[in-house]
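Novice: Structure in structure tokens, see below.
There are 4 protein chains.
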Amino acid sequence: MNKKMYKVGVLGATGMVGQRMIALLDNHPWFTVTALAASEQSAGKSYADAATWQLDTPVPSWAASMIVQKSAPPLDCDFVLSGLDNAVAGEIEEQFAAAGYPVISNAKNHRMAADVPLLIPEVNAAHLDVIDRQRKNRGWNKGFIVTNPNCSTIGLVCALKPLQEAFGITKVLVTTMQAISGAGYPGVASLDILDNVVPFIKGEEEKVETETRKLLGGFDGERFIDAEIAVSAQCNRVHVRDGHLECVSVEFSEQAEPEAVIRAWRSFAPETTKLGLPSIPDPFIIYKEEENRPQPRRDRDAGWGMAVTVGRLRRCPILHYKFVVLSHNTIRGAAGAAIADAELLAAKGLL
Amino acid sequence: MNKKMYKVGVLGATGMVGQRMIALLDNHPWFTVTALAASEQSAGKSYADAATWQLDTPVPSWAASMIVQKSAPPLDCDFVLSGLDNAVAGEIEEQFAAAGYPVISNAKNHRMAADVPLLIPEVNAAHLDVIDRQRKNRGWNKGFIVTNPNCSTIGLVCALKPLQEAFGITKVLVTTMQAISGAGYPGVASLDILDNVVPFIKGEEEKVETETRKLLGGFDGERFIDAEIAVSAQCNRVHVRDGHLECVSVEFSEQAEPEAVIRAWRSFAPETTKLGLPSIPDPFIIYKEEENRPQPRRDRDAGWGMAVTVGRLRRCPILHYKFVVLSHNTIRGAAGAAIADAELLAAKGLL
Amino acid sequence: MNKKMYKVGVLGATGMVGQRMIALLDNHPWFTVTALAASEQSAGKSYADAATWQLDTPVPSWAASMIVQKSAPPLDCDFVLSGLDNAVAGEIEEQFAAAGYPVISNAKNHRMAADVPLLIPEVNAAHLDVIDRQRKNRGWNKGFIVTNPNCSTIGLVCALKPLQEAFGITKVLVTTMQAISGAGYPGVASLDILDNVVPFIKGEEEKVETETRKLLGGFDGERFIDAEIAVSAQCNRVHVRDGHLECVSVEFSEQAEPEAVIRAWRSFAPETTKLGLPSIPDPFIIYKEEENRPQPRRDRDAGWGMAVTVGRLRRCPILHYKFVVLSHNTIRGAAGAAIADAELLAAKGLL
Amino acid sequence: MNKKMYKVGVLGATGMVGQRMIALLDNHPWFTVTALAASEQSAGKSYADAATWQLDTPVPSWAASMIVQKSAPPLDCDFVLSGLDNAVAGEIEEQFAAAGYPVISNAKNHRMAADVPLLIPEVNAAHLDVIDRQRKNRGWNKGFIVTNPNCSTIGLVCALKPLQEAFGITKVLVTTMQAISGAGYPGVASLDILDNVVPFIKGEEEKVETETRKLLGGFDGERFIDAEIAVSAQCNRVHVRDGHLECVSVEFSEQAEPEAVIRAWRSFAPETTKLGLPSIPDPFIIYKEEENRPQPRRDRDAGWGMAVTVGRLRRCPILHYKFVVLSHNTIRGAAGAAIADAELLAAKGLL
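Next comes the structure, spelled out in structure tokens:
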């Protein structure tokens, strides 16, 4: 399968997620970017002129000189990655799917739709089975939509999945400390976050609570069945550039010793990690023994930003265990997540 | 009672807590500082020379020129406030109590002792009844020890007390985001906290879990009875100067509507607030309606740093309610807490 | 003169400078706010609804309930303070002056006009003599425009003025490190400034270079004569909330010993400070002896934010001396500057 | 010359500079680390146990398992890199040199000695000629000492060298904004730098002023001749992790157009860059056209932290030109500087 180089179009290419997608696709072994699309104002300009590049690594030269196109079909590509803003993503992504393009989206618009997979390759690859139904429902021939979860949901669910498989999970209580890059650019005003924490991110707690249940749930051939897990989230913005840190308490269906919990993380080996997807590190879950880890700045880049780092497992006086989990919000939690989804689709012959 | 000016000695006067005590005692209506004591190295120097003043307000001129004494009795004062480091506080405070001085301490050493009050004036003034027993146990005539809680416990317990009175509390799960000033000076290295969160503070989670149960518990004439509340804490250091922010989930004994919960906070009026203690604002609990408050930088100075600000009450899918609480860690959580304790003792004729 | 309470209108009342003006006018002994004006969108709303209050002190209750008016004459007031944005300030301020209102403006639009005073009360009160000419030039009867300098110019010029009087100044080379609040709200994106310095602020170096020469120059009855001082500025944005820090090198016309330089600052007593203007601290220049001061966080609030703090005087191997100066950019450098200008006008019977 | 793998010993291996040296020597094409040395307390432990690793990249596994030795000869290596603290570096480095080891040191102790090269490979390779004299002076056979400059001097001098060659330089006035990592670990307390700038770094201004003159000066066969350049420095600590930013004003001996200045930087090609030293990027000076660059976070990693980035060239109203320069203080300014020095020594057959 890896022989073929797939042609990729990036929607919302000038935004923060689009920029990160371009950086991550530089020298990608399976994918080559053949189209960059953004808003009308950007269309017709070179990417270098259209985008205010935010990453600390330079814009790849192949991207700098590409002419940005309008975010509308047709584009010369095999599939599209969408970093579009929620305000416009819903309709544009449907247009591409209707026009025959597989769409892998980071936007929230279609995530909770009954016939759209909300996908983390290592967690719920089986949800891809819904694609046939999606096409039928919507009268699409070849195109379809797959989404990746919200940035604060992904790390949490990656850490929960091995525990769910090993012990069952009934309750999850999480408090997040989220990086400023999660709000895009210009995003969080420096006057709001210097010497401060903002204990509110619009819509975020709802996303964590609903997406987690869908991701850890099943697909019965007809529809998604939410996992029967009570999820409670409190979301905060902290003065960190990249990396969402989360304090989690969890209740299992079965008793488990601490060693067994750590073993569940360390030995977790879903089918997907055996497919050799280029963006999935092996292991993709790292358990750190140090008493003060994970930390955003020190651990966010583990596994080129695609690993999920867990630490501080200890018994919880209320639920069963508490622990800390960290993931890079713009790589594992956004652009890298969409690319990994595309890799899984490629590996399964769905592109 | 307010007619008398009490003479105060400050132990550990050169440290961070001692400095804050001095700043707060500047122009205090009941207390006048007559002795500053610190380590042997500081003894004999003027306070201006002995202390590396950290606060952004200037050192009061009366303090600057005082000669620092050794932290040992006798000192010319009616009682002592102790900002001593835990490493030495235990023994020195006992020496002062044995020598006849009431000791009000911010150190952790005696907090959990069976005959020492762990005191928040608005929460558990009745715990002072143990002082007679303490004197008898220890063979002290006039002196005694009273302690204030850990900085991350105080805000939490102030927010819980009205709920406990109104509805009963069975479970409390809290994740803290604590300011760097809580670690003293030089304390947290800038290289550890810039663009980072440290999800670990040594001994902190244990303090929150044990102190909360003592503070919300009773005194049966013989001994303290811990409240039957399960408490689970996760403690983090964030890049904030002052102000500990805490995300709390709580389970009540009885059902309560949200309006009733907010009313419990707003109408809470313990006997103590009627005593007119100079350091206790009325109300001392502020509930904010804004969806993104409290925030450390914007709310920590409410009630000259002695108010506790609560916000974001909403139902918790696992326990009953979740909310956010903030308090100033070096004022309400340390120096101001000890001074408020002293004020209560003065008002009750115990100094 | 102080008997009368002047009625003040605030233009641009919802912006950052307007907010600071309102906070500083709370309980002002001479001025009472009788009108708040802002853009069309805000007009008709209560100030509490119209403004996104950014300061850490609460909005004064008298302001919260005032109804915001359109920024156009007439307003019920004796004079207006303008915190308007440069984009609209030019025209609106002229409308008010033409309608008979004295206008004291923080905007840059009229600062360098040949008949408009650019005023720091302690530095160039004599420039007010131009007002008659301004009225004549523009056909205004009663109204006129007075401006305060750019936030990074004010601290510099306050520190230079005593040196100019004592020794003459021929060259000034300054590198600024400016706070984020200088860019307004939302202003600087947190992603741009976290773990960073931005060595560029649009138009800032030009303002420092031209305004300094006007402020330290004279008025010959006909026109302003720029001081014959070469000024070179490099301006940087640093990760500080409030307080512009500036490293200065200066060349004098005459030789001077270091003690004489410090004495020039400490003994500087312009006529204006004897007028008892409520916003001008006495002394308004503070020279600190410590080797590592002034610092933004520790010194910006000196003299309720209206003092200018100087330190680290030492000989410069290229020009004569180098030193460091700090001033609060939104108080001394903006809102407080305009209010002080108004106080001087009141004291001189010009309102 | 590149055929041989040199064996390197690292002195002060557990400190911040030593850690960075180890990270940079991982997979070095010419050098392989064969000895790690530190203080008595660390000696005998594995490096993983002895060092509190501060870098965000993991400790190389070959280093983690090495046993730390005492910082005294003999060590099994061809030369030593010294990241020792100034407090002990002077004596220990002399012991190694006396014992026959070439010593390349980041410490300040020997930098200004009359017979010790203060070396930047691209700037003053000819200074190595002093080594024979050094050996003779000190009675050393094979060993010798070479030093790299202070972290804030290096970037400045790299930017000045091409200008000196092209136009001559007579005056340099620089204001630095230096990163916290320059102070080592724990170094700068977070309470000192959050929301602040500290306008003082002990001894730093003197180092910049004296080292610059030595580096840009000559060696006449007998002794170093300081460049006849007046240098004036003001040094500040800002809230940035890595990367020293410097605002420079410079006066030339000859007139030059701006284009010529930029061309001098871009075309600068010292002999050394042709030697193919592995740590020297080509070009090693980058001139950025953007009006707001260089910035620490966005440019410090250019040329794997060994490039020097310059920007914002414009005429200075007092000296001739002003510009901004940035270099990574712990790579180009410390550990990488010493390694580059060692590479030059290797290329010249001096190891």
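Residue numbers (this note's numbering), protein chains in the order written: chain A, -16 to 334; chain B, -16 to 334; chain C, -16 to 334; chain D, -16 to 334. From the three backbone atoms N, C-alpha and C, an ideal C-beta is built for every residue, glycine too. Note that this is a predicted model, so its numbers are computed, not measured.
(1) Within the same chain, show all residues whose beta-carbon is closer than 8 Å to that of ASN124 of chain C, passing over the 5 residues directly before and after it, in chain order.
(2) Just how far apart, CA to CA, sit ASP209 of chain D and PHE127 of chain C?
(3) Residue ranges of each alpha helix (DSSP H) run of no fewer than 4 residues wholly in the stretch 1 to 85 of chain A, ordered along the chain?
(4) Does DSSP put MET(-16) of chain C in a helix, in a strand, or in coil?
(5) Roughly how many whole angstroms lie between the Cα atoms of GLN37 of chain B and ASP9 of chain B?
(6) Could you check if GLU148 of chain B is buried or exposed, using at least 16 other CB atoms within 10 Å of its CB as the buried criterion?
(7) On the DSSP bridge list, what partners appear for MET160 of chain D?
(8) If you measure from the beta carbon of LEU7 of chain C to each beta carbon in chain B, is any gap under 8 Å?
(9) Is SER310 of chain C helix, strand or coil by DSSP?
(10) Judging by CA-CA distance, which residue of D:TYR30, D:LYS190, D:GLN24 and D:PRO132 is the nearest neighbour of GLY319 of chain D?
(11) By the 10 Å Cβ neighbour count, where 16 or more other Cβ atoms means buried, how is ALA97 of chain B classified, buried or exposed?
(12) Could you tell me whether the Cβ of GLN278 of chain B comes closer than 8 Å to any Cβ of chain D?
(13) Looking at the structure shown, is ILE137 of chain D part of a helix, part of a strand, or coil, going by DSSP?
(14) By how many angstroms is the C-alpha of VAL308 of chain C removed from the C-alpha of PHE267 of chain C?
(15) Just the C-alpha distance for SER25 of chain D and LEU(-6) of chain D, rounded to the nearest angstrom, thanks.
(16) Grouping DSSP H, G and I as helix and E and B as strand, with all else coil, what is VAL171 of chain A?
(17) Taking PRO43 of chain A as the query, report the chain C residues whose CB atoms sit under 8 Å from its CB, ordered along the chain.
(18) Following the continuous beta strand (DSSP E) through GLY319 of chain A, name the residue where it begins and the one where it ends.
(19) Go ahead and label MET(-16) of chain A buried or exposed: buried means 16 or more other beta carbons lie within 10 angstroms of its beta carbon, across all protein chains shown.
(20) If you draw a straight line from the C-alpha of CYS134 of chain D to the C-alpha of VAL293 of chain A, how long is it?
(21) Roughly how many whole angstroms lie between the Cα atoms of ASP324 of chain B and ALA108 of chain B?
(22) With DSSP as the reference, identify every bridge partner of SER88 of chain A, one or two as the case may be.
(23) Assuming the contact rule is C-beta atoms closer than 8 Å, HIS221 of chain D and VAL157 of chain C should be a hit. Round their C-beta distance to whole Å, please.
(24) Which of the three DSSP states, helix, strand or coil, is assigned to VAL180 of chain A?
(25) Do we get a CB-CB distance below 8 Å when we pair MET(-16) of chain A with the residues of chain B?
(26) Check whether the Cβ atoms of THR159 of chain C and GLU272 of chain C lie closer than 8 Å to each other.
(27) Could you give the DSSP three-state label for THR346 of chain D: helix, strand or coil?
(28) Which chain A residues are close to HIS93 of chain B, counting only those with a beta carbon under 8 Å from its beta carbon?
(29) For chain B, is any of its Cβ atoms less than 8 Å away from the one on ALA172 of chain D?
(30) Quick one: what's got a C-beta closer than 8 Å to LEU7 of chain C's C-beta in the same chain, skipping five residues either side?
(31) Can you tell which of A:PHE150, A:LEU174, A:LEU146 and A:VAL180 has its C-alpha closest to the C-alpha of GLN161 of chain A?
(32) Where do the ends of the beta strand (DSSP E) carrying LYS(-10) of chain A lie?
(33) Is there a Cβ from chain B that is less than 8 Å from the Cβ of PRO169 of chain D?
(34) Are the beta-carbon atoms belonging to ILE212 of chain C and THR195 of chain C less than 8 Å from one another?
(35) Any residues in the stretch 222 to 238 of chain C with a beta carbon nearer than 9 Å to a beta carbon of chain A? Which ones, in chain order?
(36) Please return the same chain residues whose Cβ sits closer than 6 Å to the Cβ of PHE14 of chain C, not counting the five positions on each side in sequence.
Specialist: So, from the data block:
(1) As a working note, residue 124 of chain C is residue 141 in the third sequence. Here the set comprises GLY83 and ARG118.
(2) On the fourth sequence, residue 209 of chain D is found 226 positions in, with the first residue counted as 1. On the third sequence, residue 127 of chain C is found 144 positions in, with the first residue counted as 1. If you take the alpha carbons of ASP209 of chain D and PHE127 of chain C, they lie about 59 Å apart.
(3) Counting only runs of 4 or more, we get 30 to 33, 44 to 47 and 69 to 81.
(4) Here residue -16 of chain C corresponds to residue number 1 of the third sequence, with the count starting at 1. Model confidence at MET(-16) of chain C stands at a pLDDT of 46, short of 50, so the residue's coordinates are unreliable; what they give is reported in the following sentence. Reduced to three states, the DSSP call for MET(-16) of chain C is coil.
(5) Taking the second sequence and counting its residues from 1, the one referred to as residue 37 of chain B is at position 54. Taking the second sequence and counting its residues from 1, the one referred to as residue 9 of chain B is at position 26. Looking at the backbone, the Cα of GLN37 of chain B and that of ASP9 of chain B are separated by about 16 Å.
(6) Residue 148 of chain B sits at position 165 when you count from the first residue of the second sequence. With a 10 Å radius around the Cβ and a threshold of 16 neighbouring Cβ atoms, GLU148 of chain B comes out exposed.
(7) Reading the fourth sequence from its first residue, position 177 is the one you call residue 160 of chain D. MET160 of chain D pairs with D:ASN219 and D:LEU228.
(8) Here residue 7 of chain C corresponds to residue number 24 of the third sequence, with the count starting at 1. Taking Cβ atoms only, chain B never reaches closer than 8 Å to LEU7 of chain C, which makes this a no.
(9) The residue labelled residue 310 of chain C in the question sits at position 327 within the third sequence. In the three-state reduction of the DSSP assignment, SER310 of chain C falls in the strand class.
(10) Here the question's residue 319 of chain D lines up with position 336 in the fourth sequence. The shortest C-alpha separation from GLY319 of chain D is found at D:PRO132.
(11) Position 114 of the second sequence, counting from 1, holds the residue named residue 97 of chain B. ALA97 of chain B should be labelled exposed.
(12) As a first step, residue 278 of chain B must be located in the second sequence, where it is residue number 295. Answer no: the Cβ-Cβ gap between GLN278 of chain B and chain D never drops below 8 Å.
(13) Position 154 of the fourth sequence, counting from 1, holds the residue named residue 137 of chain D. Here DSSP, grouped into helix, strand and coil, assigns ILE137 of chain D to helix.
(14) In the third sequence, counting from the first residue as 1, residue 267 of chain C sits at position 284. In the third sequence, counting from the first residue as 1, residue 308 of chain C sits at position 325. So the alpha carbons of these two residues sit roughly 13 Å apart.
(15) Position 42 of the fourth sequence holds residue 25 of chain D. Position 11 of the fourth sequence holds residue -6 of chain D. Spanning the two alpha carbons is a distance of roughly 12 Å.
(16) Working through the first sequence from its first residue, we reach residue 171 of chain A at position 188. When DSSP states are grouped into helix, strand and coil, VAL171 of chain A belongs to the coil group.
(17) By one-based count along the first sequence, residue 43 of chain A stands at place 60. Around PRO43 of chain A, no beta-carbon contact reaches into chain C at under 8 Å, the shortest distance being about 20 Å.
(18) Translated into the one-based positions of the first sequence, residue 319 of chain A becomes position 336. Here GLY319 of chain A belongs to no beta strand (DSSP E); instead the alpha helix (DSSP H) covers 319 to 330.
(19) The count along the first sequence starts at 1 and reaches residue -16 of chain A at position 1. Only weak support exists for where MET(-16) of chain A lies, its pLDDT of 46 falling under 50; the value from the coordinates is given anyway. In this structure MET(-16) of chain A is exposed. Its beta-carbon is surrounded by fewer than 16 other beta-carbon atoms within 10 angstroms.
(20) By 1-based counting over the fourth sequence, the position of residue 134 of chain D is 151. By 1-based counting over the first sequence, the position of residue 293 of chain A is 310. Distance from the CA of CYS134 of chain D to the CA of VAL293 of chain A, rounded to the nearest whole angstrom, comes to 37 Å.
(21) Position 341 of the second sequence, counting from 1, holds the residue named residue 324 of chain B. Position 125 of the second sequence, counting from 1, holds the residue named residue 108 of chain B. So the two alpha carbons sit approximately 9 Å from each other.
(22) For this step, residue 88 of chain A is matched to residue 105 along the first sequence. Per DSSP, A:SER65 and A:THR130.
(23) Your numbering for residue 221 of chain D matches position 238 in the fourth sequence. Your numbering for residue 157 of chain C matches position 174 in the third sequence. Just to set this straight, residue 221 of chain D is Val in the shown sequence, not His. About 17 Å; that fails the 8 Å criterion.
(24) For this step, residue 180 of chain A is matched to residue 197 along the first sequence. Here VAL180 of chain A sits in coil by DSSP.
(25) Start at 1 with the first residue of the first sequence, and residue -16 of chain A comes out as number 1. Summary for MET(-16) of chain A: the model assigns pLDDT 46, below 50, so the residue's position carries little reliability; its value from the coordinates is reported in the next sentence. MET(-16) of chain A does not count as touching chain B.
(26) Along the third sequence, read from residue 1 onward, the residue named residue 159 of chain C stands at position 176. Along the third sequence, read from residue 1 onward, the residue named residue 272 of chain C stands at position 289. Contact flag unset, no.
(27) Because chain D in this structure spans residues -16 to 334, residue 346 of chain D falls outside the shown range and cannot be described.
(28) For the purposes of this step, residue 93 of chain B is taken as the residue at position 110 of the second sequence. Within 8 Å Cβ-Cβ: nothing; HIS93 of chain B doesn't reach chain A, min ~24 Å.
(29) As a position in the fourth sequence, residue 172 of chain D is number 189, starting the count at 1. So, interface residue.
(30) As a working mapping, residue 7 of chain C is identified with position 24 in the third sequence. For LEU7 of chain C, where only same-chain residues beyond five positions count, the Cβ hits under 8 Å are SER262, ILE314, ALA318, GLY319 and ILE322.
(31) Sequence index remark: in the first sequence, residue 161 of chain A carries index 178 (1-based). Selected option, being the one with the closest Cα: A:VAL180.
(32) Within the first sequence, residue -10 of chain A is the residue found at index 7, counting from 1. Secondary structure note for LYS(-10) of chain A: its beta strand (DSSP E) is the uninterrupted segment -11 to -6.
(33) Counting from 1 along the fourth sequence, the entry for residue 169 of chain D is found at position 186. Yes - at least one Cβ of chain B is within 8 Å of the one on PRO169 of chain D.
(34) The residue given as residue 212 of chain C occupies position 229 in the third sequence. The residue given as residue 195 of chain C occupies position 212 in the third sequence. Taking the C-beta atoms as reference points, THR195 of chain C is found nearer than 8 Å to ILE212 of chain C.
(35) Contact annotation: in the stretch 222 to 238 of chain C, residues whose CB is within less than 9 Å of a CB in chain A are HIS222, VAL223 and ARG224.
(36) In the third sequence, residue 14 of chain C corresponds to position 31, counting from 1. Non-local beta-carbon contacts of PHE14 of chain C in its own chain, meaning distances under 6 Å to residues more than five positions away in sequence, involve TYR(-11), VAL(-9) and LEU8 in chain order.
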